[in-house]
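Student: Here the protein sequences line up with chains L and Y, keeping their order.
Counting from 1, one number per residue, gives the positions in the first sequence under the numbering used here.
Counting from 1, one number per residue, gives the positions in the second sequence under the numbering used here.
We treat Cβ as the ideally placed atom computed from N, Cα and C, and that holds for glycine.
Pasting in a structure now, in structure tokens, and then I'll have a few things to ask.
Protein chains: 2
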Amino acid sequence: MDLSIQQVASLTGTTSRTLRHYGDIGLLVPSRIASNGYRHYDQASLVRLQRILLLRELGLGLPAIAAVLKHETSPTEALAAHVLWLRAEQQRLGRLIESVEKTIAAQEKGEEIMAENMFDGFDHTQYKDEVEQRWGKDAYARGDTWWRGMLPLEKQELKELVAALNSDWIAASTSTVAPDSTQAQELAQRHVAWLASVPGTPASKPGGDMKGYVLGLAQMYVSDERFAANYGGLAGATFVRDVLTTYAERDL
Amino acid sequence: MDLSIQQVASLTGTTSRTLRHYGDIGLLVPSRIASNGYRHYDQASLVRLQRILLLRELGLGLPAIAAVLKHETSPTEALAAHVLWLRAEQQRLGRLIESVEKTIAAQEKGEEIMAENMFDGFDHTQYKDEVEQRWGKDAYARGDTWWRGMLPLEKQELKELVAALNSDWIAASTSTVAPDSTQAQELAQRHVAWLASVPGTPASKPGGDMKGYVLGLAQMYVSDERFAANYGGLAGATFVRDVLTTYAERDL
DNA sequence: CTAAAGCTTGACGCTGCGTCAAGGTCAAGT
DNA sequence: ACTTGACCTTGACGCAGCGTCAAGCTTTAG
């Protein structure tokens, strides 16, 4: 008829702290509070608690449970909505797992296959002439010393980053993503952020014309087959150019 | 060469608040703090931030990211561990979904099929005689008036609870769960908690012999075929009895 | 009568920032 | 020179759901 907080807790497998919490938020108030402040619960409390715990085990949040108990929501309704939530979460995790595994795989073998020439394609060795011609004589020197000065681990990290970016580009260009879609524009943002992180680009210099730089670069991806090869051929490079120019015009 | 916090934020698609947070926890400290307190970042910061964001998108926690950046963990290692985590979570959600859907289904049709006779089997109508004979003359009267006094919605809720408990019992008894296993004992706990929530049971009365009550009841599940039918036949009832007696002996 | 349980309220901690609040700083326009 | 307005700063609360001390009162068993 009249149970103490501990009795209720051990009977239902929860803790007294939880019961006090439920009391605080009004989810399950004690049926009686003695003059010494002790909480006491009766059968109705236990029945209610049973329902609370049942719903909680199914993953419902306390506010949702409260709504059900207040008859503001039917149990079926609440559970159906909850299932949608759960499914969405599960799918999100699925996509995450896919991404992570792709990243791991790209890291283990892509490191040799793509990274070297991909990154090389950008700031040194074989493109020395272009770099000097387009971005000034000292651009190559700066980029090169920067690259040489990096620790091997840092190099690897950058390669991984570029590899990830690149594979995302290819994935996007071979799917039906529009150049001005949010997804594509986010890729452009990442790409530009990466460019900005490379010393020698105009991004960070006081009056640096990052917009012109990106526009020129985007065009080069298409006209230079060596770059185009990195983005899945001419079609891919064209896609990259369109996305980048859209981004540059709108956000730079 | 020297970017403001906002420039970095918009370049990488995060917010200045995030960057300040990363500074606070030491994940990404500004390369320079001017005399006016303004934070400034350089290329190295951007490179580091790129990696942080890449790993964050894959779902890694900030401490894990910090470990990778400090070279305490290799990226591959961290990602591999993370994938395990993700898989476990995904499976947990899968089990949750299953449970919730089972509950919904049981609620929609089980409500008519099982609940009525299941709950009726316990405290009134057809078992009037037994109840009076075993637990005293007034037990039946109390239980019956209590049950009749409940609102329809409350009745339904209790039925659902009992239905869930019952299906778990059957699931456990038809699998290879040992009577003294944690899983089975938790079922017993729920069962006893439910019993205690029914008025007229000795659980809450000052000197109530809950242990004896449960032991007698457990035996009845086996000897009375009407109860046994609720738990999947004699085999199920035997399992229920064993679990309950184990629980009563140990915890009551 | 004392020690051991059991009870109370109060408050921090955890994850990763979002979101005010209150107030300096700086470049541009009047 | 003065006012906007944009951008910057350091706090500090909020969220979900309790776990986990802490300090102190009450009841019970020995």
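How would you call L:T12, buried or exposed, if buried means at least 16 neighbouring beta carbons within 10 angstroms?
Tutor: By the neighbour-count rule (16 or more Cβ atoms within 10 Å), L:T12 is buried.
Student: Would you call the stretch 231-240 of chain L in contact with the stretch 18-31 of chain Y, where contact means no fewer than 3 C-beta pairs closer than 8 Å?
Tutor: Taking 8 Å as the limit for Cβ pairs, the verdict is that the stretch 18-31 of chain Y does not touch the stretch 231-240 of chain L.
Student: Going by DSSP in three states, Y:K70 sits in which element: helix, strand or coil?
Tutor: Three-state result, Y:K70: coil.
Student: Does the structure place the stretch 91-98 of chain L close enough to the stretch 74-89 of chain Y that three or more beta carbon pairs sit under 8 Å?
Tutor: Because the criterion of three Cβ pairs below 8 Å is met, the stretch 74-89 of chain Y and the stretch 91-98 of chain L touch.
Student: Along the chain, where does the alpha helix (DSSP H) containing L:Y22 start, and where does it finish?
Tutor: Residues S16 to D24.
Student: Beta carbons nearer than 9 Å to chain L: which residues of the stretch 97-111 of chain Y have them?
Tutor: The stretch 97-111 of chain Y vs chain L, Cβ under 9 Å: I97, S99, V100, E101, T103, I104, Q107 and E108.
Student: Please return the same chain residues whose Cβ sits closer than 7 Å to the Cβ of Y:A184, not counting the five positions on each side in sequence.
Tutor: So the qualifying residues of the chain are A172, V177, A178 and V243.
Student: Thinking C-alpha only, which one of L:I33, L:R190, L:L53 and L:L55 is nearest Y:Q50?
Tutor: Checking every option, the nearest Cα to that of Y:Q50 belongs to L:R190.
Student: Could you check what DSSP says for Y:I3 in three-state terms: helix, strand or coil?
Tutor: Per the sequence shown, residue 3 of chain Y should be read as Leu rather than Ile. Correct three-state label for Y:L3: strand.
Student: Where does L:T103 land, buried or exposed, given buried means 16+ other C-beta within 10 angstroms?
Tutor: Flag for L:T103 reads buried.
Student: Please report the distance separating the alpha-carbon of Y:M118 from that of L:E89.
Tutor: Its pLDDT being 41, under 50, Y:M118 is placed unreliably by the model, and nothing is read from it.
Student: Name the residue from L:T246, L:A193, L:L195 and L:W194 whose alpha carbon lies nearest to the alpha carbon of L:T182.
Tutor: Checked all of L:T246, L:A193, L:L195 and L:W194; the closest Cα to L:T182 is L:T246.
Student: Once the 5 residues before and after L:D180 are set aside, which same chain residues still bring their CB inside 6 Å of it?
Tutor: Cβ within range, chain order: T246.
Student: So, for Y:L3: in the same chain, excluding its five sequence neighbours on each side, which residues have a beta-carbon less than 7 Å away from its beta-carbon?
Tutor: Around Y:L3: H40 and Y41.
Student: With 8 Å as the threshold, decide whether the Cβ of Y:T12 is near any Cβ in chain L.
Tutor: Yes, Y:T12 lies at the interface with chain L (some Cβ there is under 8 Å from its Cβ).
Student: Using only the alpha-carbon positions, how far apart do Y:Q43 and L:T15 sit?
Tutor: Their Cα atoms are separated by approximately 52 Å.
Student: How many angstroms separate the CA atom of Y:G59 from the CA atom of Y:L53?
Tutor: Roughly 10 Å between the two C-alpha positions.
Student: Measuring only the C-alpha atoms, how far is Y:Q6 from L:Q7?
Tutor: So the alpha carbons of these two residues sit roughly 56 Å apart.
Student: Of all Cβ atoms in chain Y, is any one closer than 8 Å to the Cβ of L:P75?
Tutor: Yes - at least one Cβ of chain Y is within 8 Å of the one on L:P75.
Student: In whole angstroms, what separates the C-alpha of L:V192 from that of L:Q91?
Tutor: When rounded, the distance between both Cα atoms is 30 Å.
Student: For Y:V68, which residues of its own chain have a beta-carbon under 6 Å away from its beta-carbon, when the five flanking residues on both sides are left out?
Tutor: The answer, listed in chain order, is P75 and A78.
Student: 8 Å is my cut-off, CB to CB: does Y:G59 come that close to chain L?
Tutor: Y:G59 counts as touching chain L.
Student: Report the CB separation of Y:L27 from Y:L62 in whole angstroms; it is logged as a contact under 8 Å.
Tutor: Indeed they touch by this definition, with Cβ atoms about 6 Å apart.
Student: Ignoring anything shorter than 3 residues, give me the beta strand (DSSP E) runs that lie fully in the stretch 26-86 of chain Y, in order along the chain.
Tutor: Taking only runs of at least 3 residues, the beta strand (DSSP E) segments lying wholly in the stretch 26-86 of chain Y are 39-41.
Student: Name the residue from L:R87, L:R48 and L:N36 whose alpha carbon lies nearest to the alpha carbon of L:K70.
Tutor: Closest by alpha carbon: L:R48.
Student: So that I know if they touch, is there some Cβ in chain Y lying closer than 8 Å to that of L:A67?
Tutor: No, because no Cβ of chain Y sits closer than 8 Å to the Cβ of L:A67.
Student: To the nearest angstrom, how far is the alpha carbon of Y:D24 from that of Y:P30?
Tutor: Cα to Cα, the separation comes out at about 10 Å.
Student: Buried or exposed, going by whether 16 or more other CB atoms sit within 10 Å of the CB of L:I33?
Tutor: It is exposed - the Cβ of L:I33 has fewer than 16 other Cβ atoms within 10 Å.
Student: Given a cut-off of 8 Å on the beta-carbon distance, is the pair L:L195 and L:V214 in contact?
Tutor: Result yes, Cβ atoms of L:L195 and L:V214 sit closer than 8 Å.
Student: Using the beta-carbon count (16 or more within 10 Å), is L:N166 buried or exposed?
Tutor: The residue is buried, with at least 16 neighbouring Cβ atoms inside 10 Å.
Student: L:S35 to Y:N36, Cα distance in whole Å?
Tutor: Approximately 59 Å, taken between the alpha carbons.
Student: Output the distance between the C-alpha atoms of Y:Q107 and L:E101, rounded to the nearest integer angstrom.
Tutor: Distance between the alpha carbons of Y:Q107 and L:E101 is about 40 Å.
Student: Between Y:W194 and chain L, is the shortest Cβ-Cβ distance under 8 Å, so that the two count as touching?
Tutor: Yes, its Cβ sits closer than 8 Å to a Cβ of chain L.
Student: If you draw a straight line from the C-alpha of Y:S175 to the C-alpha of Y:E249, how long is it?
Tutor: Using only the alpha carbons, I get a separation of about 23 Å.
Student: What residues in its chain sit with their C-beta under 6 Å from that of L:T73, if we drop five residues either side in the sequence?
Tutor: Contacts found: A67.
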